[in-house]
Amino acid sequence: MRIGVIGAGRLGICFALLCEESGHSVIVSDVQSKYVTQLNSREIFSNEPEVEDLLMRAENFQATVNNQEVIRSSDFIFTFVPTPSLPDGSYDCQCVDMVVDDLLKSPDLQDKVFVIGSTVNPGYSDTVQDRLKDRGISVYYNPEFIAQGTIIRDMKGADMILCGGDDSRGFGEIQMIYEDIQDSDVHFYPMSRKAAEITKIGVNCFLTYKISYANMMGQILYNSGCGDEIDNVLTAVGDDTRVGSKYLGYGLGFGGPCLPRDNRALGHYAKTVGLEYNLPGITDDFNNVHANFIKRYCIEQNVNNLPFFIESIAFKKGSDMTVESPRFLLVEDLLKDGYTVYVQEIQDVIDQHEEELIDLYGDNIIFVKNPAEIHEPFWRIDL
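Numbering-wise (the working numbering), the sequence shown opens with residue 201 and increments by one.
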(Lines of atoms letter the chains of each structure in order from A; the text may use other names.)
(Lines give C-alpha, C1' and ligand atoms only; values in the text may rest on other atoms or scores of the structure.)
Protein backbone atom coordinates (compact mmCIF):
# COMPACT_ATOMS: atom_id res chain seq x y z
CA MET A 201 0.00 0.00 0.00
CA ARG A 202 1.28 3.51 -0.82
CA ILE A 203 1.01 5.72 2.26
CA GLY A 204 1.74 9.44 2.45
CA VAL A 205 2.13 11.54 5.59
CA ILE A 206 1.88 15.33 5.49
CA GLY A 207 3.45 16.78 8.62
CA ALA A 208 6.41 14.66 9.75
CA GLY A 209 6.70 15.99 13.30
CA ARG A 210 6.90 13.77 16.37
CA LEU A 211 3.63 11.98 15.67
CA GLY A 212 3.81 11.93 11.89
CA ILE A 213 7.32 10.51 11.65
CA CYS A 214 6.55 7.76 14.16
CA PHE A 215 3.42 6.70 12.28
CA ALA A 216 5.23 6.86 8.93
CA LEU A 217 8.16 4.73 10.09
CA LEU A 218 5.87 2.11 11.60
CA CYS A 219 3.96 1.92 8.31
CA GLU A 220 7.25 1.46 6.46
CA GLU A 221 8.43 -1.18 8.91
CA SER A 222 5.21 -3.13 8.34
CA GLY A 223 5.83 -3.32 4.59
CA HIS A 224 4.22 -0.22 3.08
CA SER A 225 5.83 2.28 0.75
CA VAL A 226 5.91 5.63 2.56
CA ILE A 227 6.55 9.22 1.57
CA VAL A 228 6.37 12.12 4.03
CA SER A 229 6.42 15.89 3.63
CA ASP A 230 7.42 18.63 6.03
CA VAL A 231 7.88 22.39 5.78
CA GLN A 232 11.39 22.29 7.26
CA SER A 233 13.80 21.68 4.37
CA LYS A 234 16.79 20.94 6.64
CA TYR A 235 14.77 18.33 8.50
CA VAL A 236 13.67 16.75 5.22
CA THR A 237 17.31 16.52 4.09
CA GLN A 238 18.21 14.87 7.39
CA LEU A 239 15.36 12.37 7.00
CA ASN A 240 16.52 11.41 3.52
CA SER A 241 20.13 11.03 4.70
CA ARG A 242 18.96 9.08 7.79
CA GLU A 243 20.71 11.52 10.12
CA ILE A 244 18.04 12.89 12.46
CA PHE A 245 18.32 13.00 16.26
CA SER A 246 15.16 12.20 18.18
CA ASN A 247 14.37 11.89 21.88
CA GLU A 248 11.61 9.44 20.95
CA PRO A 249 12.81 5.87 21.54
CA GLU A 250 13.17 3.68 18.41
CA VAL A 251 12.74 6.51 15.87
CA GLU A 252 16.39 6.69 14.87
CA ASP A 253 16.68 2.90 14.56
CA LEU A 254 13.51 2.64 12.48
CA LEU A 255 14.72 5.40 10.16
CA MET A 256 18.13 3.77 9.70
CA ARG A 257 16.47 0.50 8.69
CA ALA A 258 13.84 2.10 6.43
CA GLU A 259 14.17 1.05 2.78
CA ASN A 260 10.85 2.21 1.30
CA PHE A 261 10.82 5.67 2.85
CA GLN A 262 11.45 9.13 1.42
CA ALA A 263 10.82 12.71 2.45
CA THR A 264 10.01 15.89 0.55
CA VAL A 265 9.00 19.49 1.16
CA ASN A 266 6.37 19.20 -1.58
CA ASN A 267 2.87 18.17 -0.45
CA GLN A 268 1.84 17.63 -4.06
CA GLU A 269 4.46 14.92 -4.39
CA VAL A 270 2.95 13.12 -1.39
CA ILE A 271 -0.59 13.50 -2.76
CA ARG A 272 0.40 12.29 -6.22
CA SER A 273 2.36 9.28 -4.93
CA SER A 274 -0.06 7.98 -2.28
CA ASP A 275 -3.31 6.05 -2.04
CA PHE A 276 -3.74 6.97 1.65
CA ILE A 277 -2.79 10.48 2.73
CA PHE A 278 -2.50 11.03 6.48
CA THR A 279 -1.90 14.43 8.02
CA PHE A 280 -0.54 15.23 11.47
CA VAL A 281 0.01 18.96 11.09
CA PRO A 282 -0.28 21.08 14.27
CA THR A 283 -3.61 22.46 15.50
CA PRO A 284 -2.72 24.87 18.31
CA SER A 285 -5.29 25.97 20.86
CA LEU A 286 -7.07 29.30 20.56
CA PRO A 287 -7.85 31.51 23.58
CA ASP A 288 -11.41 30.15 23.79
CA GLY A 289 -10.16 26.55 24.05
CA SER A 290 -11.01 25.49 20.50
CA TYR A 291 -8.41 24.34 17.96
CA ASP A 292 -6.91 26.42 15.19
CA CYS A 293 -7.20 24.16 12.13
CA GLN A 294 -5.57 26.49 9.62
CA CYS A 295 -2.69 24.08 8.94
CA VAL A 296 -5.14 21.30 8.09
CA ASP A 297 -7.03 23.78 5.88
CA MET A 298 -3.78 24.41 3.99
CA VAL A 299 -3.35 20.67 3.42
CA VAL A 300 -6.91 20.55 2.05
CA ASP A 301 -6.06 23.48 -0.23
CA ASP A 302 -3.17 21.41 -1.59
CA LEU A 303 -5.48 18.45 -2.13
CA LEU A 304 -7.84 20.65 -4.13
CA LYS A 305 -4.94 21.74 -6.35
CA SER A 306 -4.18 18.13 -7.24
CA PRO A 307 -5.55 17.09 -10.67
CA ASP A 308 -6.46 13.54 -9.62
CA LEU A 309 -7.85 12.56 -6.21
CA GLN A 310 -10.19 9.82 -7.44
CA ASP A 311 -10.41 6.87 -5.01
CA LYS A 312 -7.77 8.30 -2.68
CA VAL A 313 -8.33 8.42 1.09
CA PHE A 314 -7.51 11.45 3.25
CA VAL A 315 -7.06 10.73 6.95
CA ILE A 316 -6.91 13.53 9.51
CA GLY A 317 -4.78 12.52 12.50
CA SER A 318 -4.50 15.99 14.03
CA THR A 319 -6.75 16.88 16.95
CA VAL A 320 -9.60 19.04 15.60
CA ASN A 321 -12.89 20.59 16.71
CA PRO A 322 -15.97 18.33 16.56
CA GLY A 323 -17.62 18.81 13.18
CA TYR A 324 -14.46 19.99 11.44
CA SER A 325 -13.79 16.81 9.44
CA ASP A 326 -17.29 16.96 7.98
CA THR A 327 -16.49 20.41 6.58
CA VAL A 328 -13.38 18.93 4.97
CA GLN A 329 -15.46 16.17 3.36
CA ASP A 330 -17.86 18.84 2.06
CA ARG A 331 -14.97 20.73 0.48
CA LEU A 332 -13.69 17.58 -1.22
CA LYS A 333 -17.02 15.90 -2.03
CA ASP A 334 -16.82 16.45 -5.79
CA ARG A 335 -13.25 15.14 -6.12
CA GLY A 336 -13.80 11.43 -5.43
CA ILE A 337 -11.68 11.34 -2.26
CA SER A 338 -12.95 10.00 1.09
CA VAL A 339 -12.21 11.76 4.39
CA TYR A 340 -11.66 10.01 7.73
CA TYR A 341 -10.77 11.17 11.21
CA ASN A 342 -8.27 8.89 12.94
CA PRO A 343 -6.50 10.41 15.98
CA GLU A 344 -3.74 8.72 17.95
CA PHE A 345 -3.75 8.13 21.71
CA ILE A 346 -0.09 8.41 22.64
CA ALA A 347 2.21 9.98 25.21
CA GLN A 348 5.36 11.91 24.40
CA GLY A 349 8.38 9.70 25.02
CA THR A 350 6.52 6.47 24.26
CA ILE A 351 4.91 7.23 20.89
CA ILE A 352 6.20 4.15 19.05
CA ARG A 353 5.29 1.83 21.91
CA ASP A 354 1.85 3.41 22.27
CA MET A 355 1.09 3.11 18.55
CA LYS A 356 2.15 -0.54 18.45
CA GLY A 357 0.12 -1.40 21.55
CA ALA A 358 -2.86 0.94 21.39
CA ASP A 359 -5.87 -0.10 23.49
CA MET A 360 -8.19 0.99 20.69
CA ILE A 361 -8.17 2.54 17.24
CA LEU A 362 -10.74 5.26 16.71
CA CYS A 363 -11.88 6.03 13.18
CA GLY A 364 -14.57 8.39 11.94
CA GLY A 365 -15.97 8.26 8.42
CA ASP A 366 -18.87 7.04 6.33
CA ASP A 367 -17.45 4.47 3.90
CA SER A 368 -17.07 0.85 5.05
CA ARG A 369 -14.38 0.15 2.43
CA GLY A 370 -12.16 2.84 3.88
CA PHE A 371 -12.77 1.60 7.42
CA GLY A 372 -11.58 -1.85 6.42
CA GLU A 373 -8.43 -0.59 4.72
CA ILE A 374 -7.47 1.70 7.62
CA GLN A 375 -8.01 -1.19 10.03
CA MET A 376 -5.64 -3.30 7.91
CA ILE A 377 -2.92 -0.64 8.22
CA TYR A 378 -3.16 -0.82 12.00
CA GLU A 379 -3.25 -4.62 11.99
CA ASP A 380 0.10 -4.47 10.20
CA ILE A 381 1.50 -1.99 12.76
CA GLN A 382 0.20 -3.37 16.04
CA ASP A 383 1.75 -6.11 18.16
CA SER A 384 -1.62 -7.16 19.60
CA ASP A 385 -5.20 -7.55 18.39
CA VAL A 386 -6.69 -4.33 17.02
CA HIS A 387 -9.77 -3.00 18.82
CA PHE A 388 -11.16 -0.93 15.95
CA TYR A 389 -14.07 1.46 16.54
CA PRO A 390 -15.67 2.88 13.38
CA MET A 391 -18.16 5.70 13.83
CA SER A 392 -19.16 9.04 12.33
CA ARG A 393 -16.47 11.69 11.97
CA LYS A 394 -18.07 14.01 14.53
CA ALA A 395 -18.55 11.23 17.09
CA ALA A 396 -14.89 10.27 16.68
CA GLU A 397 -13.80 13.88 17.19
CA ILE A 398 -15.84 14.11 20.39
CA THR A 399 -14.55 10.74 21.58
CA LYS A 400 -10.93 11.76 21.13
CA ILE A 401 -11.11 14.82 23.35
CA GLY A 402 -13.53 13.03 25.67
CA VAL A 403 -11.03 10.28 26.46
CA ASN A 404 -8.32 12.77 27.38
CA CYS A 405 -10.79 14.81 29.43
CA PHE A 406 -11.65 11.73 31.47
CA LEU A 407 -7.96 11.27 32.24
CA THR A 408 -7.77 14.82 33.62
CA TYR A 409 -10.74 14.04 35.89
CA LYS A 410 -9.08 10.84 37.13
CA ILE A 411 -5.75 12.58 37.80
CA SER A 412 -7.54 15.38 39.63
CA TYR A 413 -9.53 12.90 41.72
CA ALA A 414 -6.33 11.14 42.79
CA ASN A 415 -4.72 14.45 43.72
CA MET A 416 -7.84 15.53 45.64
CA MET A 417 -7.75 12.27 47.62
CA GLY A 418 -4.06 12.83 48.30
CA GLN A 419 -4.73 16.32 49.65
CA ILE A 420 -7.51 15.00 51.91
CA LEU A 421 -5.30 12.22 53.25
CA TYR A 422 -2.35 14.56 53.81
CA ASN A 423 -4.46 17.09 55.73
CA SER A 424 -5.95 14.21 57.75
CA GLY A 425 -2.54 13.08 58.94
CA CYS A 426 -2.48 10.08 56.59
CA GLY A 427 0.01 11.41 54.07
CA ASP A 428 2.20 8.33 54.32
CA GLU A 429 -0.74 6.16 53.20
CA ILE A 430 -1.68 8.01 50.00
CA ASP A 431 -0.18 5.40 47.67
CA ASN A 432 -1.79 2.54 49.59
CA VAL A 433 -5.22 4.17 49.52
CA LEU A 434 -5.10 4.94 45.80
CA THR A 435 -3.86 1.42 45.04
CA ALA A 436 -6.88 0.07 46.89
CA VAL A 437 -9.25 2.41 45.03
CA GLY A 438 -7.69 1.49 41.69
CA ASP A 439 -7.98 -2.21 42.44
CA ASP A 440 -11.74 -1.85 42.09
CA THR A 441 -12.27 -2.81 38.44
CA ARG A 442 -14.92 -0.11 38.11
CA VAL A 443 -12.17 2.46 38.71
CA GLY A 444 -8.90 0.99 37.44
CA SER A 445 -5.36 1.92 38.43
CA LYS A 446 -4.12 3.76 35.34
CA TYR A 447 -3.66 7.52 35.86
CA LEU A 448 -4.66 7.11 39.52
CA GLY A 449 -1.42 8.15 41.17
CA TYR A 450 -0.84 11.09 43.48
CA GLY A 451 1.64 13.75 42.40
CA LEU A 452 1.85 16.78 40.20
CA GLY A 453 -1.17 17.84 38.19
CA PHE A 454 -1.81 17.05 34.54
CA GLY A 455 0.12 18.92 31.87
CA GLY A 456 1.78 18.59 28.49
CA PRO A 457 0.58 19.20 24.94
CA CYS A 458 -2.64 17.11 25.04
CA LEU A 459 -4.59 16.77 28.28
CA PRO A 460 -5.00 20.43 29.32
CA ARG A 461 -6.09 21.63 25.91
CA ASP A 462 -8.43 18.70 25.21
CA ASN A 463 -10.10 19.39 28.56
CA ARG A 464 -10.71 23.03 27.60
CA ALA A 465 -11.78 22.08 24.09
CA LEU A 466 -14.55 19.78 25.34
CA GLY A 467 -15.85 22.52 27.64
CA HIS A 468 -15.85 24.98 24.73
CA TYR A 469 -17.57 22.56 22.37
CA ALA A 470 -20.28 21.73 24.93
CA LYS A 471 -21.21 25.43 24.98
CA THR A 472 -21.55 25.49 21.18
CA VAL A 473 -24.25 22.81 21.41
CA GLY A 474 -26.15 24.58 24.20
CA LEU A 475 -24.67 22.86 27.25
CA GLU A 476 -23.10 24.86 30.07
CA TYR A 477 -20.94 22.21 31.69
CA ASN A 478 -18.75 23.17 34.63
CA LEU A 479 -16.80 19.91 34.95
CA PRO A 480 -13.95 20.69 32.52
CA GLY A 481 -13.52 24.17 33.99
CA ILE A 482 -13.61 22.88 37.56
CA THR A 483 -10.96 20.29 36.69
CA ASP A 484 -8.76 22.96 35.14
CA ASP A 485 -9.20 25.20 38.21
CA PHE A 486 -8.42 22.32 40.57
CA ASN A 487 -5.23 21.60 38.65
CA ASN A 488 -4.07 25.15 39.42
CA VAL A 489 -5.14 24.86 43.08
CA HIS A 490 -3.21 21.60 43.36
CA ALA A 491 -0.08 23.27 41.99
CA ASN A 492 -0.23 25.70 44.92
CA PHE A 493 -0.83 22.82 47.34
CA ILE A 494 2.28 21.04 46.07
CA LYS A 495 4.35 24.21 46.36
CA ARG A 496 3.24 24.74 49.97
CA TYR A 497 3.95 21.09 50.74
CA CYS A 498 7.51 21.35 49.39
CA ILE A 499 8.21 24.51 51.40
CA GLU A 500 6.71 23.06 54.59
CA GLN A 501 8.65 19.81 54.30
CA ASN A 502 11.93 21.63 53.59
CA VAL A 503 12.23 22.57 57.29
CA ASN A 504 15.92 23.52 57.05
CA ASN A 505 15.28 25.90 54.14
CA LEU A 506 17.73 24.06 51.89
CA PRO A 507 18.08 24.58 48.14
CA PHE A 508 15.61 22.46 46.20
CA PHE A 509 16.53 19.76 43.70
CA ILE A 510 14.17 18.45 41.01
CA GLU A 511 14.73 15.85 38.33
CA SER A 512 13.43 17.49 35.13
CA ILE A 513 11.27 20.53 34.41
CA ALA A 514 9.66 18.88 31.38
CA PHE A 515 6.02 17.85 31.68
CA LYS A 516 7.26 14.29 32.21
CA LYS A 517 10.71 12.94 33.01
CA GLY A 518 12.77 12.18 29.92
CA SER A 519 10.72 14.42 27.63
CA ASP A 520 12.11 17.56 26.00
CA MET A 521 8.72 19.30 26.09
CA THR A 522 7.89 21.88 28.77
CA VAL A 523 4.50 23.03 27.44
CA GLU A 524 2.10 23.38 30.39
CA SER A 525 4.57 21.46 32.55
CA PRO A 526 3.64 21.33 36.27
CA ARG A 527 7.33 20.78 37.07
CA PHE A 528 8.36 23.89 35.19
CA LEU A 529 5.65 25.97 36.87
CA LEU A 530 6.62 24.66 40.33
CA VAL A 531 10.26 25.57 39.78
CA GLU A 532 9.33 29.04 38.56
CA ASP A 533 7.08 29.60 41.60
CA LEU A 534 9.89 28.60 43.96
CA LEU A 535 12.37 30.82 42.13
CA LYS A 536 9.97 33.78 42.32
CA ASP A 537 9.88 33.27 46.10
CA GLY A 538 13.67 33.53 46.24
CA TYR A 539 14.58 29.87 46.63
CA THR A 540 17.57 28.25 44.94
CA VAL A 541 16.64 25.34 42.69
CA TYR A 542 18.96 22.73 41.18
CA VAL A 543 17.53 21.10 38.05
CA GLN A 544 18.71 17.82 36.54
CA GLU A 545 17.79 17.96 32.88
CA ILE A 546 18.61 16.67 29.41
CA GLN A 547 20.58 18.97 27.12
CA ASP A 548 17.66 19.76 24.81
CA VAL A 549 15.67 21.31 27.65
CA ILE A 550 18.72 23.14 29.00
CA ASP A 551 19.29 24.65 25.55
CA GLN A 552 15.65 25.77 25.39
CA HIS A 553 15.44 27.45 28.80
CA GLU A 554 18.79 28.02 30.52
CA GLU A 555 19.48 31.50 29.18
CA GLU A 556 15.92 32.69 29.77
CA LEU A 557 15.77 31.38 33.35
CA ILE A 558 19.20 32.72 34.31
CA ASP A 559 18.21 36.14 32.95
CA LEU A 560 15.14 36.09 35.20
CA TYR A 561 16.48 34.40 38.34
CA GLY A 562 20.27 34.66 38.17
CA ASP A 563 22.29 32.22 40.27
CA ASN A 564 19.16 30.83 41.94
CA ILE A 565 18.60 28.43 39.01
CA ILE A 566 21.37 25.88 38.46
CA PHE A 567 21.29 23.08 35.87
CA VAL A 568 23.21 19.88 36.64
CA LYS A 569 23.65 16.54 34.90
CA ASN A 570 23.23 14.58 38.14
CA PRO A 571 22.91 15.27 41.89
CA ALA A 572 26.59 14.38 42.46
CA GLU A 573 27.48 17.79 41.02
CA ILE A 574 25.74 19.52 43.96
CA HIS A 575 28.23 20.27 46.74
CA GLU A 576 25.80 21.35 49.45
CA PRO A 577 22.80 19.78 51.21
CA PHE A 578 19.54 19.99 49.27
CA TRP A 579 15.88 18.97 49.55
CA ARG A 580 14.71 16.65 46.76
CA ILE A 581 11.34 17.24 45.14
CA ASP A 582 10.38 13.64 44.50
CA LEU A 583 7.08 13.79 42.60
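C-beta: ideal position from N, C-alpha, C; glycine also. Note that this is a predicted model, so its numbers are computed, not measured.
{"query": "Might you give, ordered along the chain, the residues of its own chain that have their beta carbon closer than 6 Å to the beta carbon of Ile-430, omitting 5 neighbours on each side?", "result": "Gly-418, Leu-421, Tyr-450"}
{"query": "List the endpoints of the continuous alpha helix (DSSP H) containing Cys-295.", "result": "294-305"}
{"query": "Where do the N-terminal and C-terminal ends of the alpha helix (DSSP H) with Glu-252 fall, by residue?", "result": "251-257"}
{"query": "Excluding the five sequence neighbours on either side, which residues of its own chain have a C-beta within less than 8 Å of the C-beta of Thr-522, listed in chain order?", "result": "Ile-513, Ala-514, Phe-515, Phe-528, Val-549, Gln-552, His-553"}
{"query": "Secondary structure at Cys-363, three-state DSSP: helix, strand or coil?", "result": "strand"}
{"query": "Alpha carbon to alpha carbon, how far is Leu-239 from Ser-519? Give it in angstroms, no decimals.", "result": "21 Å"}
{"query": "Helix, strand or coil for Ala-514, going by three-state DSSP, please let me know.", "result": "coil"}
{"query": "Can you check DSSP and say which residues form a bridge with Met-391?", "result": "Gly-364"}
{"query": "Does Gln-419 come out as helix, strand or coil in the three-state DSSP assignment?", "result": "helix"}
{"query": "Spell out a yes or no on whether the segment 283-300 and the segment 248-263 are touching, meaning 3 or more CB-CB pairs, one atom from each, closer than 8 Å.", "result": "no"}
{"query": "Grab me the residues of Val-228's own chain with a C-beta within less than 6 Å of its C-beta, minus the 5 sequence neighbours each way, in chain order.", "result": "Val-205, Ala-208, Ala-216, Ala-263"}
{"query": "Give every residue of the same chain whose Cβ lies closer than 8 Å to the Cβ of Arg-242, excluding the five residues on either side of it in the sequence, and list them in chain order.", "result": "Leu-255, Met-256, Ala-258"}
{"query": "Can you pull the DSSP bridge partners for Phe-314?", "result": "Ile-277, Val-339"}
{"query": "Can you list, in chain order, the residues of its chain with a C-beta nearer than 8 Å to that of Asn-502? Leave out the 5 residues immediately preceding and following it.", "result": "Phe-508, Trp-579"}
{"query": "Can you tell me the Cβ-Cβ gap for Val-313 and Glu-373, rounded? I've got them flagged as a contact below 8 Å.", "result": "7 Å"}
{"query": "Would the segment 395-410 and the segment 458-478 be scored as touching if the rule is three or more Cβ pairs under 8 Å?", "result": "yes"}
{"query": "In chain order, which alpha helix (DSSP H) runs of at least 4 residues are fully inside the segment 477-562?", "result": "479-501, 526-536, 547-561"}
{"query": "Exposed or buried, what is Phe-276 when buried is set at 16 or more other beta-carbons lying within 10 Å of its beta-carbon?", "result": "buried"}
{"query": "Secondary structure at Phe-261, three-state DSSP: helix, strand or coil?", "result": "strand"}
{"query": "Here's the rule I'm using: 16 or more other beta-carbon atoms within 10 Å means buried, otherwise exposed. How should Thr-435 be labelled?", "result": "exposed"}
{"query": "I think Val-296 touches Ser-318, with their Cβ atoms under 8 Å apart; what is that distance to the nearest whole Å?", "result": "6 Å"}
{"query": "Does the Cβ of Tyr-378 have 16 or more other Cβ atoms within 10 Å, making it buried, or fewer, making it exposed?", "result": "buried"}
{"query": "On the CB-based measure, 16 or more other CB atoms within 10 Å of its CB, does Ala-358 come out buried or exposed?", "result": "buried"}
{"query": "Tell me, to the nearest whole angstrom, how far the beta carbon of Ala-491 is from that of Gly-538; I am working on the premise that it is less than 8 Å.", "result": "Going by Cβ atoms, the distance from Ala-491 to Gly-538 rounds to 18 Å, so no, they are not a contact pair."}
{"query": "Figure out for me which residue from Asp-383, Asp-366, Asn-404, Asp-380 has the closest Cα to the Cα of Tyr-389.", "result": "Asp-366"}
{"query": "Going by C-alpha to C-alpha distance, which of Thr-441, Gly-456, Lys-394 sits closest to Val-473?", "result": "Lys-394"}
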